[in-house]
Amino acid sequence: MTLVKHVLDIKGREVHVIHPSARVFDALRMLADNDIGSLVVMEGEKLVGIITERHYARQIALLGRTSSDTSVADIMSTRVACVRPDNTVEECMAIMTKRGVRHLPVLEGGRVVGIVSIGDMVNSVISDQQFVIEQLEHFIHGER
Numbered sequence: 040m041t042l043v044k045h046v047l048d049i050k051g052r053e054v055h056v057i058h059p060s061a062r063v064f065d066a067l068r069m070l071a072d073n074d075i076g077s078l079v080v081m082e083g084e085k086l087v088g089i090i091t092e093r094h095y096a097r098q099i100a101l102l103g104r105t106s107s108d109t110s111v112a113d114i115m116s117t118r119v120a121c122v123r124p125d126n127t128v129e130e131c132m133a134i135m136t137k138r139g140v141r142h143l144p145v146l147e148g149g150r151v152v153g154i155v156s157i158g159d160m161v162n163s164v165i166s167d168q169q170f171v172i173e174q175l176e177h178f179i180h181g182e183r
């Protein structure tokens, strides 16, 4: 079973952060500039929420609000599902499915040390399956 810490070792531990008082427009610019789907919302060292492209679509665009007049705090999720580096990919996928989320901040000792997405989880599962397939092929062909 692959652990979150191994996923972070491969993808990196960079976390893009925004303050809750920032404008949604600034959050959108950060998402686009970094080609990411979520930002962790922090006040100092404290995780206070998460904002995603879905928040924008559902709470700004569909409601006729403007991103330049709305703060991140107005639309962010404050009940953030988080995981630890020792959680498994399977546990993360179960949490994502149950909570209907696509991004999970990774906490260690109360500090945000990374973030994983559903795409990261899928890539990990594919990689694990590819390894198993290669091992079976070597076994079938009598290779070591």
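As numbered in the numbering used here, residues 40 to 183 make up the sequence shown, in order.
From the three backbone atoms N, C-alpha and C, an ideal C-beta is built for every residue, glycine too.
Distance, L101 Cα to L47 Cα:
L47 and L101 have their alpha carbons spaced roughly 34 Å apart.
Note the first and the last residue of the continuous alpha helix (DSSP H) segment covering L143.
No alpha helix (DSSP H) holds L143; the beta strand (DSSP E) holding it covers 142–147.
What span of residues does the beta strand (DSSP E) with V80 cover, start to end?
Residues 77–82.
R52 versus V145, G149, F170, E176, residue with shortest Cα-Cα distance
V145
Opening and closing residue of the alpha helix (DSSP H) in which T136 lies:
128–138
For V111 versus V63, is the C-beta distance shorter than 8 Å?
yes
Measuring alpha carbon to alpha carbon, tell me which of G158, R150, G181 ends up nearest G83.
R150
Work out the CA separation of T41 and M135 for me, nearest whole Å.
16 Å
Check whether S156 and G76 have beta carbons under 8 Å apart:
Yes, these two residues count as a Cβ contact at 8 Å.
From L78, I165, E130, K137, residue whose alpha carbon lies closest to that of A61:
Looking at the Cα atoms, L78 is the closest of the given residues.
Taking the runs of the alpha helix (DSSP H) that are 4 residues or longer, which of them lie wholly in the region 41–101?
43–50, 63–73, 92–95
Use the C-beta contact count for V128: other C-beta atoms within 10 angstroms, 16 or more gives buried, fewer gives exposed.
buried
Selected residue, minimal CA-CA separation from R141, among D159, G148, E147:
Comparing Cα-Cα distances from R141 to each of D159, G148, E147, the minimum goes to D159.
Compute the Euclidean distance between the alpha carbons of F170 and I99, then round it to the nearest angstrom.
43 Å
Can you grab the Cα-Cα spacing for the pair D108 / H177, in whole Å?
60 Å
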